[in-house]
Amino acid sequence: MGAKRQTSDPHDALTISRRGLLKGAAAAAGAAALGGIPGIVQAGQAPAYPRGTKLHLLTRINFIPAGDKVFIEQAAEFGKQMGVEVQVERIGENDVQARAAAAVVANSGPDIILLQNNFPHLLANGLADVSDLAETHGKAEGGFWDLSKANAYVGSQWLAVPYGVLSNTMNYREDWLKEAGFSKFPDTYEELREVGKKLKSMGRPMGQCFGHSVNDPNSWCYPFVWAYGGYEVEQDGKTVALDKKGTLDAIKLNTAMWKDGFDEGGLSWDDASNNRAFLAGSISVTNNGASIYFVGREKFPDIAKVTNHAPNPRGPAGRYYHMATHSSAVMKYSKNQPLAKEFIRWYMDKKQYEPWFIAMSSYMIPPTKSWFDHPAWKTDPKLTAFRDSIKDARHLGYAGPPSAKASEALAKFIIVDMFAKAIQGTTPEESLKWATDELKKIYGA
Amino acid sequence: MPPQDFGAAAKTAPSALAVPRVVGRLRSASASERREWLLAFCLLLPALTMLAVFVAYPFLRGIWLSLTDTVIGREGDFVGINNFIKLWNDSIFRRAAQNTFVYTGAATVLKLALGMLVALMLNNLIGFKRFLRASMLLPWIVPTVLSTLAWKWMFDPTFSIVNWMFYHLGFIHVRIDWLGGPVVAMWSVILVNVWRGTPFFAITLLAGLQTISPDVHEAAAIDGANAWQRFWRVTWPLLMPVTMVVVLFSVIQTFADFQLVYILTGGGPANSTHLFATYAYQLGVATAKLGEGAAASIAMFPILFLVVLFQLWYIRRGGAGKGGV
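Going down the list, the protein sequences come from chains Y and P. Okay, so the first sequence: first residue is 1492 according to the working numbering, each after it adds one. Okay, so the second sequence: first residue is 649 according to the working numbering, each after it adds one.
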């Protein structure tokens, strides 16, 4: 192509001829050999993407606006370098999966979707194989964390490239705990109950969401069950194993904690409600990502100053985390798959990923192990609890293999509703039986 | 409009004999009549096409999907009524069905009562008629998603303006978790539905009220009927055809409601506000099981069909006109 590009608007400057096209293709091939965008830049030639090519990426609205700002700027830069238009569409996190499902059914829509949790398992039939990309990236960065792999690796192929892990751990008001006579955050659920009791009696209850929302309710309920020795299904992925004494103990303790220590509005909360309540000074402790702290640093510095984070409490069987993974899926219907993969390669490259990671203030844990000792984690010791949590993360559907059935249990809020029912007055035994029966229908189908 | 007009209009509805009758008339028609019919057909064509594409096709496709094990991204195989059997044994579905009946029944009765009250008041107003009628329509014309988000904020357990107001007026001493308890949450979503739907009842009933001749009321008054008797013996029977039509529309819309519950509670807490539509969405989209989601959606059809049949039968038999003045 006589592919003259001007920086102002590359599309206007592109004119295609047969010879030019061949030159461009050669440049792209050379660039690929040299390694993605750096190669393209070195070749001094845009690859041969047809004039007017648009790349559409769908993601959630980030709780850390600075991260979105950097990402959008990077996308624009990629578009400029490649001579294509990159559209970054951001929607509410609870709507991403519905949009992805609709796109797969309609066979059209965004080229890339940043999927949460184990949705790649649920939408497996509509996602392109990105094994080459994921394998290369994982190998270059010390390998993926088990959780990231569990949620993006389906069958024998990667259907999404892990992008990051959103950790939920305990957010608490240091000053109020001290006033209540506790010098450090409790280590076990039983101790947390005692702390909560005292805090609630002082008009500063703990707060936890038990509504139908995608992150926080699950991040509290699944680890609670695991910490007491319960889990959804045996290793065969078929035999439901929830009905254990440990699960029952967890339900009973949670119900008792609800009465003793929690704000009783949590049954109708969504993922944003506890953020608002914490920043408004209505609650003292909540299980959440670092978004409360980050918003506090910007808008409520007095609250941020007295906010700290601690690991999830420990139960008799250990300390665990449910974390929302995020991964980039290239849609099978996309006519821009090579370009989409190139874009993912571009933004996962350290040169781009690092500024984004720093802008996100360590809100999201990178999916590969080489970032564990990144200096950014040391800039604020209040955030190390998030980083460390990844080592104790479990995938949905544990102890079975990651699967669409685990996604179904999550989407139906079976574990969350098991706890919510008990809070609402159903006996813990009946709540457990209900959840076990529902899981049997899912895993036995 | 006199009440019998509704019955008469309904009687002209197509029946099983309508098609052969039309064919017969077409054969014996003159050239100009045929041209007129052709024009009529051409004018109807856009509407028919719209109905076929946006109503008939999705409906038939939904029925087909409900008989398959289709999941998102993979065409399914025919599984007969397995999806319906599975739903029958699904405790969440049974809860959603129960919730839907409570939601529809309570909301429709309340909307009718309030709508009638508002219509009667507006009909007897002397000043500010236009202003009040226009402002009354606001809840109905504001996009549901926006108004429901506002309600969600008002119901927020921590920041509820309603709780704040009740507390400062001395009505409550502990805050109400409007969307937290199973019963309170259901009544809260019913309240929002009533708020949104009452203007539709009011404005339609008001239109009906204005077709009733004042002479009838005067005659009843001369005969010694008091206000309640005039309403119960004159207004209500004459208004019955309009009422039946409004109730029919409202039942259909409320029974299949989705947006309001999806935004306010997502069906929670613990499925206590799930309706047919929200659960169908959860099955079909969130769990990717399109076949089961379609089955949950189609499960509404027989019930709505019976409601429609009953109401059309009631209108056609002229029940309203025979209500007795």
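All residues carry an ideal CB built from backbone N, CA and C; glycine is no exception. Every value quoted in this text rests on a predicted model; they were computed, and no experiment measured them.
Contact annotation: in the region 667-700 of chain P, no residue has its CB less than 7 Å from a CB in chain Y.
Per DSSP, E1568 of chain Y is one residue of the alpha helix (DSSP H) stretching across P1556 to M1573.
Between the region 1719-1730 of chain Y and the region 1884-1901 of chain Y, the count of C-beta pairs closer than 8 Å reaches three or more; the two stretches touch.
Just so you know, the alpha carbons of G710 of chain P and S945 of chain P end up roughly 8 Å apart. Beta bridge pairing from DSSP links T1816 of chain Y with Y:V1656. Residue Y:S1825 holds the alpha-carbon nearest to the alpha-carbon of L1546 of chain Y among Y:S1825, Y:L1624, Y:S1639 and Y:W1636.
Selection Y:H1612, Y:I1774, Y:S1704 and Y:W1711 evaluated against G1687 of chain Y yields Y:I1774 as nearest (Cα-Cα). If you check the CB distance, L1606 of chain Y and A1820 of chain Y come in under 9 Å.
Within the region 1584-1595 of chain Y, the residues whose Cβ lies closer than 8 Å to any Cβ of chain P are, in chain order, N1585, Q1588, A1589, A1592, A1593 and V1595.
If you draw a 10 Å sphere on the C-beta of D1754 of chain Y, you find 16 or more other C-beta atoms in it, and that means buried.
Interface annotation, W812 of chain P: not in contact with chain Y, CB-CB separation never under 9 Å. Residue-level contact by beta carbon fails for L1739 of chain Y and chain P, as no gap is shorter than 9 Å.
Along the region 1613-1630 of chain Y, going in chain order, the ones with a CB nearer than 9 Å to a CB of chain P are L1613, L1614, A1615, N1616, G1617 and L1618. Between T846 of chain P and K777 of chain P, the gap from beta carbon to beta carbon reaches 9 Å or more.
A Cβ-Cβ separation of about 43 Å leaves L687 of chain P out of contact with A943 of chain P under the 8 Å criterion. Taking the C-beta atoms as reference points, Y1663 of chain Y is found nearer than 9 Å to T1777 of chain Y.
A residue is called buried once 16 or more other Cβ atoms fall within 10 Å of its Cβ, and D804 of chain P is buried on that count. Residue environment analysis places G1543 of chain Y among the exposed positions, since fewer than 16 neighbouring C-beta atoms fall within 10 angstroms of its C-beta. Ranked by Cα distance from R781 of chain P, the first of P:G763, P:W812, P:D905 and P:T792 is P:G763. In this structure, the CA atom of A1831 of chain Y is about 20 Å from the CA atom of K1630 of chain Y. For E1899 of chain Y, the nearest CB of chain P lies under 9 Å from its own CB, placing it at the interface with that chain. T1917 of chain Y and G1737 of chain Y have their C-alpha atoms some 18 Å from each other. Not one beta carbon of chain Y lies nearer than 9 Å to the beta carbon of S945 of chain P.
For E1580 of chain Y, the three-state secondary structure derived from DSSP is strand.
Collapsing the DSSP output to three states places R1551 of chain Y in a strand. When secondary structure is reduced to three states using DSSP, Y1811 of chain Y falls in the coil class, being assigned neither helix nor strand. Chain-order list of chain Y residues neighbouring L794 of chain P: empty, with the shortest C-beta distance near 14 Å, by a criterion of under 9 Å. If you draw a straight line from the Cα of I1906 of chain Y to the Cα of T1859 of chain Y, it is about 29 Å long. The beta-carbon distance between S1658 of chain Y and S1880 of chain Y, rounded to whole angstroms, is 5 Å. This is short enough to meet the 8 Å contact definition. Residue environment for A1902 of chain Y: buried (at least 16 other C-beta atoms within 10 angstroms of its C-beta). Distance check between E1580 of chain Y and each of Y:P1807, Y:P1708, Y:E1899 and Y:I1603 places Y:I1603 closest, using alpha-carbon atoms only. If only uninterrupted alpha helix (DSSP H) runs of at least 4 residues are considered, those enclosed by the region 1744-1819 of chain Y are 1764-1770, 1782-1790 and 1792-1796.
DSSP, read as helix, strand or coil, puts N730 of chain P in helix. Residue contact with chain P for L1758 of chain Y: present (Cβ-Cβ distance below 9 Å to some residue of chain P). Residue state for Q907 of chain P is assigned as helix, using DSSP reduced to three classes. Contact annotation: D1586 of chain Y and G914 of chain P have beta-carbon atoms that are not nearer than 9 Å.
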